[in-house]
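Each remark here refers to the structure printed beneath this line.
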Amino acid sequence: DAEITQSPRHKITETGRQVTLACHQTWNHNNMFWYRQDLGHGLRLIHYSYGVQDTNKGEVSDGYSVSRSNTEDLPLTLESAASSQTSVYFCASSADRGRGDTQYFGPGTRLTVL
Amino acid sequence: ELKVEQNPLFLSMQEGKNYTIYCNYSTTSDRLYWYRQDPGKSLESLFVLLSNGAVKQEGRLMASLDTKARLSTLHITAAVHDLSATYFCAVGNTGNQFYFGTGTSLTVIP
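Listed below in structure tokens is the structure:
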């Protein structure tokens, strides 16, 4: 069965360190998205990609970067982790943006920055 | 910037009762999505509404979309404990970017 996975599921890091969160999908979806979830804010879009070599900033992109070298993966990098980036991070993918397809979400990564 | 408001934020209801969750959004869109999230889990897609007047039903849940009023509702009929979860609405734009509401935490009490 097709799926979307994230790793690690839990991560504790220190302020100033670089951290990379992995996202891998086997749906063969073109569109991939990264969100963070915080109490009182719902989910907010960090970065997204419509295909290989395509990346775009979302509403809360400062301090984050992504790269898309193949269809299956969209890793999220925190360049220099800050305590404000403590959050739960979700990766999602969708097939066709023109059709308004729903997004399928991964299991999430809980990141704590000390 | 597209804003999405959900209310109520918290809902405690007795089993067997009916209730409605409301999702208002600030700019024109005909793409509305409902998700369910259990504690510590991921988001599960419930409904996709892609036109004005769209209505979808699954079990005790029914979702509708009024694009003119910029309003979607999620109606719960005869609530049962298994429906306890957090429900999110999300509004999509033509680029398939989603803007989420803050969620409604539903607790169904026996």
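From first to last, the protein sequence lines stand for chains P and X.
Okay, so the first sequence: first residue is 1021 according to this note's numbering, each after it adds one.
Okay, so the second sequence: first residue is 2 according to this note's numbering, each after it adds one.
Where is the CB? At the ideal position from N, CA and C, for every residue including glycine.
Just so you know, these numbers come straight off a predicted model, no measurement behind them.
Quick one: what's residue i bridged to in DSSP?
i: Ala86 (chain X); result: X:Leu107
i: Tyr34 (chain X); result: X:Val49, X:Ala91
i: Gln1064 (chain P); result: With the sequence shown as reference, residue 1064 (chain P) is identified as Arg, and Gln is not the correct amino acid for it. In the DSSP output, where bridge partners are listed per residue, Arg1064 (chain P) has P:Arg1056.
i: Ser13 (chain X); result: X:Thr108
i: Asp1093 (chain P); result: P:His1044
i: Val1080 (chain P); result: DSSP lists no partner for Val1080 (chain P).
i: Thr29 (chain X); result: Thr29 (chain X) pairs with nothing; no bridge assigned.
According to DSSP, simplified to helix, strand and coil, what is residue i?
i: Ser1087 (chain P); result: coil
i: Gln1105 (chain P); result: helix
i: Asp1074 (chain P); result: strand
i: Glu59 (chain X); result: strand
i: Thr1035 (chain P); result: coil
i: Glu2 (chain X); result: coil
i: Ser1113 (chain P); result: strand
i: Thr21 (chain X); result: strand
i: Asn8 (chain X); result: strand
i: Asn1050 (chain P); result: coil
i: Gln1026 (chain P); result: strand
i: Val1133 (chain P); result: strand
i: Ser1069 (chain P); result: strand
i: Ala64 (chain X); result: strand
i: Ser73 (chain X); result: strand
Report the rounded CA-to-CA distance for residue i versus residue j, giving the unit in angstroms.
i: Asp1116 (chain P); j: Asn1050 (chain P); result: 7 Å
i: Asn1048 (chain P); j: Glu1092 (chain P); result: 7 Å
i: Gln1045 (chain P); j: Glu2 (chain X); result: 29 Å
i: Gln1096 (chain P); j: Thr87 (chain X); result: Sequence inspection shows Leu at residue 1096 (chain P); the Gln mentioned does not correspond to that position. Rounded to the nearest angstrom, the two C-alpha atoms are 26 Å apart.
i: Cys90 (chain X); j: Cys1043 (chain P); result: 23 Å
i: Leu44 (chain X); j: Arg71 (chain X); result: 23 Å
i: Gly1126 (chain P); j: Ile1024 (chain P); result: 5 Å
i: Val92 (chain X); j: Ser1069 (chain P); result: 18 Å
i: Arg37 (chain X); j: Arg1130 (chain P); result: 19 Å
i: Ala1102 (chain P); j: Asp1058 (chain P); result: 15 Å
i: Ser85 (chain X); j: Lys42 (chain X); result: 13 Å
i: Met14 (chain X); j: Gly1071 (chain P); result: 44 Å
i: Asp1074 (chain P); j: Trp1054 (chain P); result: 14 Å
i: Asn1090 (chain P); j: Met1052 (chain P); result: 11 Å
i: Arg1088 (chain P); j: Asn1076 (chain P); result: 11 Å
i: Thr28 (chain X); j: Asn97 (chain X); result: 15 Å
i: Ala80 (chain X); j: Thr1132 (chain P); result: 36 Å
i: Glu1099 (chain P); j: Tyr23 (chain X); result: 38 Å
I believe residue i touches residue j by the beta-carbon criterion, under 8 Å. Please report the beta-carbon distance rounded to the nearest angstrom.
i: Asn53 (chain X); j: Leu66 (chain X); result: 7 Å
i: Leu12 (chain X); j: Ser106 (chain X); result: 7 Å
i: Val1080 (chain P); j: Arg1064 (chain P); result: 5 Å
i: Thr108 (chain X); j: Gly1060 (chain P); result: No, Thr108 (chain X) and Gly1060 (chain P) are not in contact; Cβ-Cβ is about 18 Å, not under 8 Å.
When you measure from the CB of residue i to every non-hydrogen atom of the ligand ZN, does any distance come out below 7 Å?
i: Val81 (chain X); result: Only the bare structure without any ligand can be found here, which leaves the ligand ZN out of the picture.
Of the residues that make up the stretch 1059-1073 of chain P, which ones have a beta carbon closer than 7 Å to any beta carbon in chain X? Gly1060, His1061, Gly1062, Leu1063, Leu1065, Tyr1068
Open item on the list: Closer than 7 Å between beta carbons: that is the criterion. Which residues of the stretch 8-34 of chain X meet it against chain P?
Closed with: Arg32, Tyr34
Note to self: Any C-beta of chain X within less than 8 Å: which residues of the stretch 1037-1053 of chain P qualify?
What the structure shows: Asn1051, Phe1053
- When Cβ atoms are compared, which residues of the stretch 86-109 of chain X fall closer than 8 Å to chain P? Phe89, Ala91, Gly93, Thr95, Gly96, Asn97, Gln98, Phe99, Tyr100, Phe101, Gly102, Thr103, Gly104
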